[in-house]
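Asks:
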Amino acid sequence: MQLEPLKLLLVEASSDAALLIEREVKAAGHETLCVNVNSSARLQEELKRAAWDIVIADYALPGFSGLEAISLVKQIQFDLPIIIVSGTAGEEAAVAAMKAGASDFVLKGRLSRLVPSIEREIREYRQRLAHRQTRIKLLDMQENFRAFMNNSPVIAFLKDRDGRIVYANETFERVFKMDAAAYMGKTVDELYSPEFAEQYRRNDTYVLEHNRPLEVIETVMHSDGVHHWLITKFPLIKSEGPPLLGAIGIDITERRRLEEQLRQSQKMEAIGHLAGGVAHDFNNLLTIIMGRADLLLRGMEQADPTRGELALIYSTAERAGVLTRQLLQFSRQQMLTPRVINLNEVIVDVKEMLCRLIGEDIELVTRLEPQLVPVSADASQIQQIILNLAVNARDAMKDGGRLLIETGNIELDEEYAMRHVSVVPGKYAVLSVSDTGCGMDEKVRARLFEPFFTTKEMGKGTGLGLSTVYGIVKQSGGNIWVYSEPGRGSAFKVYLPASKDTKVVSAASSAELPSVQTGSQVVLVAEDESAVCELIAEVLTVAGYTVLTAGNGEDALTVSAEYNGEIHLLVTDLVMPRLSGSALAAQLKPLRPSIKVLFMSGYASNMTDRIGIPDGMFYLDKPFTPDKLIRRVKEALASTP
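According to the numbering used here, the sequence shown is numbered sequentially starting from 10.
As structure tokens, this is what we get:
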């Protein structure tokens, strides 16, 4: 085998001897790069300076021996071959050189042996170098693979055909809190309960028998409970020996929780739309019932035997109106009056009422953050949240306990928002209401905010308290989370986004409504529910107004165009076919600049936000009484444009 070029490091006192060796090598057809040194210092220098193929050293040098040369080579380049040549040394010297680590010993009188020895030693040396490099690369790859698997967020393990674990990464050890001694060589029967072991063994057997991957969701027991994993199991076919079973597991607990949050949010949204639609239609019916009952009561003698029955109808309709308002709050369709408030002030204002509400056997404790960030919300609705949560807590503490109301500041980051559907990163004020009651299990928590869902006895609750809380919180741009376990109480945490405006507005005292008076102005009523339209027209006519009616927005424009006199007020439903109340007002205003507008709706703010109520225009919730209608009409007519 031809090796070229050959890098030869010669250790010779005689330059002629060095030249002779170089000629022998070249005569065999090799290109050479030769350097000759004749001292220990020069030998060390060259060994450190360059990579050589071989060292050829004389056995006897002035002040420097071949054995010393061997020692230096082994110290600096241990595996580098060295051949000792000598013209006088005998067999004992040769044995000593070979014991010291020489690759060969050649007599100068038999230099014909030198070149074959050089070729052989260099060939073997290069093979050793190549093998070492391959081994280093393999070890490096193994180390990289080990680091890759151990730093991977997924669990990974291998099992033999008998189901014994033969490898697992550090993630596996960290998740299951086991070291290698605890799992290595163990089967699922030795590590898990029979229920889980059977599940794992069945899946392992399928993969090995069918020789194809299997993706399954396996329930894996943790030390802190049950988690779910997405497990991909696959056969590992080797060139020799029986196949192994490989598995990669990804924890999808968080993903499933987020999916469940999303499903719950979508379910609540759907229920909210349904509740809002039902409330809207029901409010129209209640407007008619309450209005007609009110008019009939006005015309009755006090001694009329049917007056009590009619009054019962009226009061029952009022109670039904409360339920529809709660449904609208849940579905986020209740008109709110947000302003910049401090939650601490709201809690202080309602504290005395809370004490009477929860009873003497329950201790009320408040911990209020003095530097609480302000929020933009409707103070009366926040009071509703606190009262509803307090009632819920009271009912959970039948034998007394402690009700704790806390406030605090928190900043929710991107990571938190990713783990909680609908959360926007930012600063929040937190309102926490905790109790020491009976707590709830997972099934109850999952349905907690659904309207009409209740765990109370028949007749003890409507099931709208917490759904109302949910709706108000969501409509206020916040989020609510529940933490509860059976026997360990419950904690409701309401997160409301901090207001960019930090100027807190104190609650204004409610001004008295104007007294009911008759009027003489002209009012145009646009209402697609004919019975409601007739009721409004009758009430306003009795009150002295001239009333024009229209069944929808387009008809109202026609009525306005055909009427030659001044129309002082437009009373219109927000949601009507073909032309909404908002669009009607927008088209009518340029034609009659002085006209005032009073909107009505059973949907409230959901529609007012979507359709829009211009500034300076008035709004009336359905259901309403004749008195409330007339008062609102008077307010609108008395307003300054």
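Using N, Cα and C, we set each Cβ at its ideal position, and we do this for glycine too.
Measuring alpha carbon to alpha carbon, tell me which residue in T567, V163, P506 and A507 is nearest V534.
Replies: Position 525 of the sequence shown, counted from the first residue, corresponds to residue 534. The shortest Cα separation from V534 among T567, V163, P506 and A507 belongs to T567.
Asks: CB I322 to CB V541, shorter than 9 Å?
Replies: The residue you call residue 322 lines up with position 313 of the sequence shown. The residue you call residue 541 lines up with position 532 of the sequence shown. No; because the gap between Cβ atoms is not below 9 Å, this pair is not in contact.
Asks: Taking E218 as the reference, give the member of K242, T375 and E644 with the closest Cα.
Replies: Position 209 of the sequence shown, counted from the start, is the residue given in the question as residue 218. For E218, the nearest C-alpha among the options comes from K242.
Asks: Quick check: the Cα distance between D290 and G611, rounded to an integer number of angstroms?
Replies: As a working note, residue 290 is residue 281 in the sequence shown. As a working note, residue 611 is residue 602 in the sequence shown. Spanning the two alpha carbons is a distance of roughly 7 Å.
Asks: Nearest CA to the CA of S603: which residue from S591, L70, L579 and F185?
Replies: Translated into the one-based positions of the sequence shown, residue 603 becomes position 594. Of S591, L70, L579 and F185, the residue nearest in Cα terms is L579.
Asks: Considering only DSSP beta bridges, list what F73 is partnered with.
Replies: For the purposes of this step, residue 73 is identified with residue 64 of the sequence shown, where counting begins at 1. The partner list for F73 (beta bridge, DSSP) reads L70.
Asks: Which one of V532, R497, R365 and A98 has the shortest CA to CA distance from V556?
Replies: Within the sequence shown, residue 556 is the residue found at index 547, counting from 1. Residue V532 is the option with its Cα nearest to V556.
Asks: Find the nearest neighbour of T214 within the set G255, G250 and A190, judged by alpha-carbon distance.
Replies: Numbered from its first residue, the sequence shown carries residue 214 at position 205. For the residues G255, G250 and A190, the minimum Cα distance to T214 belongs to G255.
Asks: Do S493 and R456 have their C-beta atoms within less than 9 Å of each other?
Replies: If you number the sequence shown from 1, residue 493 lands on position 484. If you number the sequence shown from 1, residue 456 lands on position 447. For S493 and R456, no; Cβs fall outside 9 Å.
Asks: Among residues of its own chain, excluding the 5 on either side of E538, which ones have a beta-carbon nearer than 7 Å to its beta-carbon?
Replies: Taking the first residue of the sequence shown as position 1, residue 538 is located at position 529. Answer for E538: N293, listed in chain order.
Asks: From this set, E451, V82 and A36, which residue's C-alpha is nearest Q53's C-alpha?
Replies: Your numbering for residue 53 matches position 44 in the sequence shown. Closest by alpha carbon: V82.
Asks: Since I371 contacts G409 with CB under 8 Å, what's their CB separation in whole angstroms?
Replies: Counting from one through the sequence shown, the residue named residue 371 turns up at place 362. Counting from one through the sequence shown, the residue named residue 409 turns up at place 400. Indeed they touch by this definition, with Cβ atoms about 6 Å apart.
Asks: Give me whichever residues DSSP pairs with V686 in a beta bridge.
Replies: No answer is possible for residue 686: it lies beyond the span of the chain, which begins at 10 and ends at 650.
Asks: Between the segment 92 to 102 and the segment 39 to 55, do three or more beta carbon pairs fall short of 8 Å?
Replies: no
Asks: Report back the beta-carbon spacing between A438 and L505 to the nearest angstrom; my notes put them in contact at under 8 Å.
Replies: Locating residue 438 in the sequence shown gives position 429, counting from the first residue. Locating residue 505 in the sequence shown gives position 496, counting from the first residue. Indeed they touch by this definition, with Cβ atoms about 5 Å apart.
Asks: Could you give the distance in angstroms between the alpha-carbon of C364 and the alpha-carbon of V433?
Replies: Mapped onto the sequence shown, residue 364 falls at position 355. Mapped onto the sequence shown, residue 433 falls at position 424. In this model, C364 and V433 are separated by some 35 Å (Cα to Cα).
Asks: Excluding the five sequence neighbours on either side, which residues of its own chain have a C-beta within less than 8 Å of the C-beta of L366, listed in chain order?
Replies: Taking the first residue of the sequence shown as 1, we reach residue 366 at position 357. Here the set comprises L396, A399, V400 and R403.
Asks: Mind checking R619: buried by the 16 CB within 10 Å criterion, or exposed?
Replies: The sequence position of residue 619 within the sequence shown is 610, counting from 1. For R619, the pLDDT reaches just 46, beneath the cut-off of 50, and the residue's location in the model is therefore unreliable, although a value from the coordinates is still provided. Label assigned to R619: exposed.
Asks: Ends of the alpha helix (DSSP H) at V551?
Replies: Taking the first residue of the sequence shown as position 1, residue 551 is located at position 542. Here the alpha helix (DSSP H) through V551 covers S539 to V551.
Asks: For V534, which beta-bridge partners are listed by DSSP?
Replies: Translated into positions along the sequence shown, residue 534 becomes position 525. For V534, the pairing in a beta bridge is given by DSSP as T558 and V580.
Asks: So, under 8 Å CB-CB, L120 and E33 are touching, yes? Tell me the CB distance rounded to an integer number of Å.
Replies: Here residue 120 refers to the residue found at position 111 when the sequence shown is read from its first residue. Here residue 33 refers to the residue found at position 24 when the sequence shown is read from its first residue. The pair is a contact, with the Cβ atoms about 5 Å apart (cut-off 8 Å).
Asks: With distances taken from CA atoms, which of R348, L475 and L304 is nearest D510?
Replies: For this step, residue 510 is matched to residue 501 along the sequence shown. Closest option to D510, Cα to Cα, is R348.
Asks: Could you give the uninterrupted runs of the beta strand (DSSP E) lying entirely in the segment 118 to 201, keeping only those of 3 residues or more?
Replies: 164 to 168 and 174 to 177
Asks: Using the rule of at least 16 other Cβ atoms within 10 Å of the residue's Cβ for burial, across every protein chain shown, is Y554 buried or exposed?
Replies: In the sequence shown, residue 554 corresponds to position 545, counting from 1. Its Cβ being crowded by 16 or more others within 10 Å, Y554 is buried.
Asks: I need the DSSP call for L15, collapsed to helix, strand or coil.
Replies: As a first step, residue 15 must be located in the sequence shown, where it is residue number 6. If DSSP states are grouped into helix, strand and coil, L15 belongs with the strands.
Asks: For the beta strand (DSSP E) holding K436, just list the boundary residues, first then last.
Replies: As a working mapping, residue 436 is identified with position 427 in the sequence shown. Counting along the chain, the beta strand (DSSP E) containing K436 begins and ends at G435 to D444.
Asks: Mind checking which residues open and close the beta strand (DSSP E) that includes V349?
Replies: Within the sequence shown, residue 349 is the residue found at index 340, counting from 1. Its beta strand (DSSP E) spans residues R348 to I350.
Asks: So, are the CB atoms of L245 and L167 less than 9 Å apart?
Replies: Working through the sequence shown from its first residue, we reach residue 245 at position 236. Working through the sequence shown from its first residue, we reach residue 167 at position 158. Yes, they are a contact pair.
Asks: Give the DSSP-derived three-state secondary structure of N45 in the structure shown.
Replies: As a working note, residue 45 is residue 36 in the sequence shown. Note: N45 maps to strand in three-state DSSP.
Asks: Excluding the 5 residues preceding and the 5 following F627 in the sequence, name in chain order all residues of the same chain whose CB lies nearer than 8 Å to its CB.
Replies: The residue you call residue 627 lines up with position 618 of the sequence shown. Hits under 8 Å: K605, V606, L607, F608, R641, E644, A645 and S648.
Asks: Can you tell me whether DSSP reads Y209 as helix, strand or coil?
Replies: Locating residue 209 in the sequence shown gives position 200, where the first residue counts as 1. Y209: helix per DSSP, three-state reduction.
Asks: Just to confirm my understanding: we take M616, look at its own chain, exclude 5 residues before and 5 after, and list those with CB closer than 8 Å. What are they?
Replies: Stepping through the sequence shown from its first residue, residue 616 is reached at position 607. In this prediction, M616 has a pLDDT of 44, which is less than 50 and means its spatial position is unreliable; what the coordinates show is noted afterwards. Hits under 8 Å: Q342, L583, V584 and S610.
Asks: Taking L89 as part of the beta strand (DSSP E), name the residues at either end of that continuous run.
Replies: Position 80 of the sequence shown, counted from the first residue, corresponds to residue 89. That residue, L89, is in no beta strand (DSSP E); it is neither H nor E in DSSP.
Asks: Does DSSP classify M616 as helix, strand or coil?
Replies: Along the sequence shown, one-based indexing puts residue 616 at 607. Interpretation of M616 is limited by its pLDDT of 44, a score under 50 that renders its predicted location unreliable; the figure taken from the coordinates is listed afterwards. The answer is helix: DSSP assigns M616 an H, G or I state.
Asks: Quick check on DSSP: helix, strand or coil for D113?
Replies: Residue numbering aside, residue 113 sits at position 104 when the sequence shown is read from its first letter. Correct three-state label for D113: strand.
Asks: Who are R411's beta bridge partners in DSSP?
Replies: Taking the sequence shown and counting its residues from 1, one reaches residue 411 at position 402. BP columns for R411 point to E372.
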